[in-house]
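The listed protein sequences correspond, in order, to chains A and B.
Numbering of the first sequence is given in my numbering, commencing with residue 1 and proceeding in unit increments.
Numbering of the second sequence is given in my numbering, commencing with residue 323 and proceeding in unit increments.
Each residue gets a CB set at the ideal place from its N, CA and C atoms; glycine is no exception.
As the structure is a computational prediction, the values presented were derived from the model and not from experiment.
Working notes for the structure below.
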Amino acid sequence: MSNKAFIVAAYAFAAVLVAVSQFVPNDYFFSAAYTVLLFVILSTAWNILGGYTGYVNFGTPAFFAMGAYTTVALFKLSPTLPLWVMIIGGTLIAGLTGLGMGALTLRLRGVFFSIATLALSVVLLTFVVNWDYAGGARGAYVIPPREVPLGFHRYIQFLYLVMVFLSATAVIIARMIETSTMGRGLEAIRDDELAAECCGVPTLKLKLMSTTISGALMGMAGTTYPYFVSYVEPASTFNLSYAVNSIAMPLIGGMTTWLGPLIGALLLGSVQQVVQVTISSAWNLLIVGVLLVLFVTLAPEGIMGLWFNWRKKQKLKAGGSK
Amino acid sequence: MEISSSLILNAIVSGILLGGFYAAMAAGVSISFGMLDVTNIAHPAFIILGSYVAYIVNSWWGWDPIVIAIVCSPLFFLLGMGLYRIYYYAFERKGQQSLRSLAFFFGILFITEVVLILIFGVDYRLVKSVYTETTWQLGEVDLPLRLVVPFIFSMIMIFGLNMFLSRTFFGRAVLAVAQDQFALRLMGVNPVKIKELGFGLSIAIAGIAGSFLIVIQPVQPSIGRDYIGLVFAICVLGGMGSIKGALIGAMILGLAESFTSTFFGPSWAPAVSFGLLLLAVAFKPSGLLGR
Numbered sequence: 001m002s003n004k005a006f007i008v009a010a011y012a013f014a015a016v017l018v019a020v021s022q023f024v025p026n027d028y029f030f031s032a033a034y035t036v037l038l039f040v041i042l043s044t045a046w047n048i049l050g051g052y053t054g055y056v057n058f059g060t061p062a063f064f065a066m067g068a069y070t071t072v073a074l075f076k077l078s079p080t081l082p083l084w085v086m087i088i089g090g091t092l093i094a095g096l097t098g099l100g101m102g103a104l105t106l107r108l109r110g111v112f113f114s115i116a117t118l119a120l121s122v123v124l125l126t127f128v129v130n131w132d133y134a135g136g137a138r139g140a141y142v143i144p145p146r147e148v149p150l151g152f153h154r155y156i157q158f159l160y161l162v163m164v165f166l167s168a169t170a171v172i173i174a175r176m177i178e179t180s181t182m183g184r185g186l187e188a189i190r191d192d193e194l195a196a197e198c199c200g201v202p203t204l205k206l207k208l209m210s211t212t213i214s215g216a217l218m219g220m221a222g223t224t225y226p227y228f229v230s231y232v233e234p235a236s237t238f239n240l241s242y243a244v245n246s247i248a249m250p251l252i253g254g255m256t257t258w259l260g261p262l263i264g265a266l267l268l269g270s271v272q273q274v275v276q277v278t279i280s281s282a283w284n285l286l287i288v289g290v291l292l293v294l295f296v297t298l299a300p301e302g303i304m305g306l307w308f309n310w311r312k313k314q315k316l317k318a319g320g321s322k
Numbered sequence: 323m324e325i326s327s328s329l330i331l332n333a334i335v336s337g338i339l340l341g342g343f344y345a346a347m348a349a350g351v352s353i354s355f356g357m358l359d360v361t362n363i364a365h366p367a368f369i370i371l372g373s374y375v376a377y378i379v380n381s382w383w384g385w386d387p388i389v390i391a392i393v394c395s396p397l398f399f400l401l402g403m404g405l406y407r408i409y410y411y412a413f414e415r416k417g418q419q420s421l422r423s424l425a426f427f428f429g430i431l432f433i434t435e436v437v438l439i440l441i442f443g444v445d446y447r448l449v450k451s452v453y454t455e456t457t458w459q460l461g462e463v464d465l466p467l468r469l470v471v472p473f474i475f476s477m478i479m480i481f482g483l484n485m486f487l488s489r490t491f492f493g494r495a496v497l498a499v500a501q502d503q504f505a506l507r508l509m510g511v512n513p514v515k516i517k518e519l520g521f522g523l524s525i526a527i528a529g530i531a532g533s534f535l536i537v538i539q540p541v542q543p544s545i546g547r548d549y550i551g552l553v554f555a556i557c558v559l560g561g562m563g564s565i566k567g568a569l570i571g572a573m574i575l576g577l578a579e580s581f582t583s584t585f586f587g588p589s590w591a592p593a594v595s596f597g598l599l600l601l602a603v604a605f606k607p608s609g610l611l612g613r
């Protein structure tokens with residue numbers, strides 16, 4: 001499928017999703033769907049750097065919080081600013097954070113980059129805790145406007161629409177990268193960085209680009225979050241569970257294509273919603289952690305990998321019986 | 323604020339005491355990450371596990387945490403050996419160390435934390451001992467025993483470890499793994515076996531450091547991740563696979579944190595270790611004593 005066709009198909013699918021959900025009567029559906037879509041964006045974004053390029057980023061909470069706190073800061077500046085201003089602002093700021101982070105550490109072995117991303121979360125968390133303008137450790141209230149745009153009844157329905165389209169955008173960007181020359185360059189870096197460099201792949205430039213895009217998309221996911229929870233405080237915004245989820249979902253789905261993180265996020269996100277309601281949120285985190293460890297040790301190619309292997313075996317069987 | 327000499331003196335003393343203890347926390351990472359090339363970012367999780375073992379035994383039988391640390395260290399050693407086995411069969415043997423094993427250790431870190439939260443909740447736990455409440459006065463300087471005792475035992479451990487690694491056959495084999503695994507194989511030593519034992523040693527040290535930690539401050543399951551930056555910062559600053567380097571790096575960090583919390587307030591302290599780590603990784607990844 002060409003890029004143009006895929007863009008049209010993705011946005012059409014998003015529009016159908018929004019239209020169909022208007023028949024769902026209860027609000028819980030929208031907040032559950034919001035969370036799952038948040039994970040779709042985060043895991044797709046993580047996969048651009050982690051899956052395509054092979055650099056493990058533990059800093060998802062940091063980029064996510066950059067987006068969320070841009071919204072908080074802009075809201076404090078002027079509560080009437082429209083949502084799209086915040087989305088663009090947060091995306092840009094998180095992208096710049098990614099660029100700076102990459103410029104500092106991407107010249108080194110991948111392990112150092114990963115450890116540095118862990119550090120980034122804590123440094124930014126400390127700054128936000130001490131940043132009184134955005135509420136500091138006490139947190140800040142972000143009240144959605146009373147007038148819901150586009151004639152929706154409740155604000156969560158509007159947020160859902162925004163998230164559906166943002167998720168579609170993230171998936172489109174991921175797929176465009178995957179099918180472009182940039183994607184092939186990233187793949188070369190993942191398989192053997194030294195060899196790629198020798199073949200004339202501009203490794204540093206490509207790595208910086210993928211860190212920036214990945215960070216920007218994570219920030220984009222964060223920009224709507226303050227309106228979703230309406231009370232933002234540092235500890236929950238910088239929550240480590242975002243990092244675990246955004247790593248676990250692509251790993252479980254399969255990291256080499258755009259479909260993997262999408263499947264992983266939809267699957268794991270929905271399971272978590274169910275477990276959170278029926279058992280407890282601590283158990284739900286435990287399940288994510290255990291699934292992450294099980295998949296990475298036993299099925300490192302994820303569900304997509306298992307599926308391809310199974311198909312291959314079927315073909316071999318069919319070939320052998322002739 | 324007027325800066326008095328006693329304030330500075332106290333900051334220096336508590337910085338050194340903290341630094342000695344930080345060396346004990348980071349020594350395990352110096353072995354696993356610096357020498358064996360196993361990026362165990364779950365190291366702090368085992369430190370916290372050590373704290374909880376000390377807490378359980380102390381609250382049931384009232385043993386001294388330092389005694390508990392020594393008695394339980396063989397258990398942590400075995401745990402480390404088991405973990406390395408899994409790591410070896412799942413990742414190292416296939417040559418896919420970097421990406422997936424990082425995710426693996428991250429998962430281990432997270433599972434340990436969540437399991438501890440499920441069992442003990444998020445309350446802060448502490449141990450009771452004769453020295454946890456006492457503070458010696460030396461002129462203007464306060465010497466809280468809850469810092470002094472872990473400092474002394476950390477120093478004994480660090481120097482013992484340094485001797486062990488440089489004088490014994492096993493210690494030299496660990497250093498050899500860091501330098502040239504192939505040559506080690508030619509000498510008739512199995513590097514995998516050495517790495518297994520070395521990794522066990524690093525986890526045993528983590529368990530002991532955990533007992534020290536709960537003497538110094540109350541412990542809660544999720545504080546482990548705050549120490550990831552600390553231990554790796556020390557390890558990188560000190561030049562990776564060097565126990566002496568780790569001691570120097572730990573002293574620098576201890577002093578930096580102590581000064582920051584004295585002059586800017588404790589809420590800025592976590593940024594110090596991570597900030598230094600970012601700087602170290604960005605500008606001097608080979609460390610202060612780097613080759």
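Item: Over what stretch of residues does the alpha helix (DSSP H) that includes D27(A) continue unbroken?; Value: D27 to G50
Item: Locate the alpha helix (DSSP H) running through W383(B), then write down its first and last residues.; Value: H365 to W383
Item: Please state whether DSSP places R154(A) in a helix, a strand or coil.; Value: coil
Item: Check the C-beta distance from V171(A) over to W258(A) and give it rounded, since I have them as a contact under 8 angstroms.; Value: 6 angstroms
Item: Can you name the residues of chain A whose CB is closer than 7 angstroms to the CB of G429(B)?; Value: G289, L292, V293 and V296
Item: Counting C-beta neighbours from all protein chains within 10 Å, is the total for S336(B) 16 or more, i.e. buried, or is it exposed?; Value: buried
Item: Our contact map puts N47(A) next to M176(A) with C-beta atoms below 8 angstroms; I'd like the distance itself, whole angstroms only.; Value: Not quite, the Cβ-Cβ distance comes to about 14 angstroms (not below 8 angstroms), so this is no contact.
Item: Looking only at its own chain, which residues have a Cβ that is under 7 angstroms from the Cβ of L17(A), when we skip the five neighbours before and after it?; Value: V164
Item: Could you run through the region 483-494 of chain B and flag, in chain order, every residue whose CB is less than 9 angstroms away from some CB of chain A?; Value: none
Item: Under 7 angstroms, Cβ to Cβ, is there at least one residue of chain B near T60(A)?; Value: no
Item: For L285(A), return the contacting residues in chain B, with the cut-off set at a CB-CB distance below 8 angstroms.; Value: F432 and V436
Item: Relative to the C-alpha of G571(B), which residue among G560(B), I565(B) and E414(B) is closest?; Value: G560(B)
Item: Does D548(B) come out as helix, strand or coil in the three-state DSSP assignment?; Value: helix
Item: Would you report the Cα separation of G567(B) and F491(B), rounded to the nearest angstrom?; Value: 22 angstroms
Item: Looking at the structure shown, is D386(B) part of a helix, part of a strand, or coil, going by DSSP?; Value: coil
Item: To which residues does DSSP link W458(B) through a beta bridge?; Value: L465(B)
Item: At which residues does the alpha helix (DSSP H) containing M249(A) begin and terminate?; Value: L240 to G253
Item: Could you pull out every residue in the same chain whose Cβ sits closer than 8 angstroms to the Cβ of L400(B), ignoring the five residues on either side in sequence?; Value: G522
Item: Chain A partners of S589(B), CB-CB under 8 angstroms?; Value: T126, V129, N130 and A137
Item: Mind listing, in chain order, the continuous alpha helix (DSSP H) runs of no fewer than 4 residues lying wholly within the region 485-517 of chain B?; Value: 491-501 and 503-508
Item: Could you check if M304(A) is buried or exposed, using at least 16 other CB atoms within 10 Å of its CB as the buried criterion?; Value: buried
Item: Between the C-alpha atoms of V123(A) and P592(B), what's the straight-line distance to the nearest angstrom?; Value: 7 angstroms
Item: What distance in whole Å lies between the Cβ atoms of F534(B) and F475(B), which are believed to be in contact at a cut-off of 8 angstroms?; Value: 7 angstroms
Item: On the premise that I388(B) lies in contact with V471(B), defined as a C-beta separation below 8 angstroms, what is that separation, rounded to the nearest angstrom?; Value: 7 angstroms
Item: Going by other Cβ atoms of all chains shown within 10 Å of its Cβ, with 16 needed for buried, is I353(B) buried or exposed?; Value: buried
Item: Could you round the C-beta distance between M573(B) and G356(B) to whole angstroms and report it? I think they count as a contact, below 8 angstroms.; Value: At roughly 17 angstroms, the Cβ-Cβ gap does not stay under 8 angstroms, so M573(B) and G356(B) are not in contact.
Item: Alpha carbon to alpha carbon, what distance is there between T211(A) and E197(A)?; Value: 18 angstroms
Item: For Y446(B), which beta-bridge partners are listed by DSSP?; Value: Answer is none; Y446(B) lacks a bridge partner.
Item: For the alpha helix (DSSP H) that contains E187(A), what are its first and last residues?; Value: T181 to D191
Item: If you run the structure through DSSP and keep just helix, strand and coil, what is A140(A)?; Value: strand
Item: For G367(B), go through chain A and note every residue whose CB falls closer than 8 angstroms to its CB, in chain order.; Value: According to the sequence provided, residue 367(B) is Ala. The question's Gly does not apply to it. Neighbours of A367(B) on chain A: none; closest Cβ ~11 angstroms, over 8 angstroms.
Item: Can you give me the Cβ contacts of A333(B) inside the same chain, cut-off strictly under 7 angstroms, excluding the 5 residues immediately before and after it?; Value: S580, F581 and T584
Item: CA-CA distance, L431(B) and A119(A)?; Value: 16 angstroms
Item: Go to F58(A), then tell me how far its alpha helix (DSSP H) extends in each direction, as first and last residue.; Value: Taken as a continuous stretch (DSSP letters only), F58(A) belongs to no alpha helix (DSSP H), as it is neither H nor E.
Item: So which residues of chain A does L599(B) contact, with C-beta pairs closer than 8 angstroms?; Value: I115, A116 and A119
Item: Give the single residue among G493(B), V449(B) and Q501(B) whose Cα lies nearest to the Cα of W382(B).; Value: V449(B)
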